[in-house]
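Right, one structure below, let's go through it.
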Amino acid sequence: EFKLNFICTNIGQPILGFGSCLDLDLVRLNNSAPLCRTVKGKHSEIDVVNREFSGIFKETPGLTINHTKATVHVCEDVRPRCIRACHVPLALHDIVNDKIKSIESRGTLKQVHTSELASPIVTLVNPDNKVHICADFT
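Residues 148 to 285 in our numbering are what the sequence shown lists, from first letter to last.
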């Protein structure tokens, strides 16, 4: 067993990713521990929130924020950053491209050719083989 000291700075990119920490046995996953508690009863808190905000939790993708403009306020001394893109696995290329085209056609995304700010996407595959695309703002 060994002791490892980490010095954390605000450089924006981790030296070791989560996968590397798992490979080096620096962290362990405890899959046997329950991650959430099931609430039994007639009106659980989750049910109440789902009913109250049913419009937000619809299964129709992209419809909850369509036609909404957002303004991002940043401090004056912030420098634009463009983070290197993550590699999409070759087996997912066509699926991810189709998904991006679908999101563009809904008007949720708009293709630009240059930008001072950019965040990479991360592709997640659910156990039911559905592919999700998320922005990585770390």
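Beta carbons: idealized from backbone N, C-alpha and C, even for Gly.
Which residues share a DSSP beta bridge with residue i?
{"i": "Ile280", "result": "Thr270"}
{"i": "Cys229", "result": "Ala265"}
What's the C-alpha gap between residue i and residue j?
{"i": "Lys248", "j": "Val221", "result": "29 Å"}
{"i": "Asn276", "j": "Val259", "result": "29 Å"}
{"i": "Ser262", "j": "Val278", "result": "26 Å"}
{"i": "Ser201", "j": "Glu192", "result": "14 Å"}
{"i": "Lys216", "j": "Val243", "result": "25 Å"}
{"i": "Ala297", "j": "Val269", "result": "With the chain represented from 148 up to 285, any question about residue 297 goes unanswered, as that position is not in the structure."}
{"i": "His234", "j": "His240", "result": "10 Å"}
{"i": "Val196", "j": "Phe284", "result": "27 Å"}
{"i": "Val219", "j": "Val225", "result": "12 Å"}
{"i": "Leu102", "j": "Leu271", "result": "Outside the displayed span of the chain (148 to 285) sits residue 102, for which this structure offers no information."}
{"i": "Gly164", "j": "Arg253", "result": "34 Å"}
{"i": "Arg198", "j": "Asp170", "result": "42 Å"}
{"i": "Gly166", "j": "Ala232", "result": "17 Å"}
{"i": "Ile250", "j": "Asp172", "result": "38 Å"}
{"i": "Glu223", "j": "Cys168", "result": "36 Å"}
{"i": "Thr255", "j": "Asp194", "result": "28 Å"}
Kindly give me the distance between the Cβ atoms of residue i and residue j, rounded to whole angstroms, as I take these residues to be in contact under 8 Å.
{"i": "Leu264", "j": "Pro227", "result": "5 Å"}
{"i": "Ile230", "j": "Pro267", "result": "6 Å"}
{"i": "Ile280", "j": "Lys246", "result": "6 Å"}
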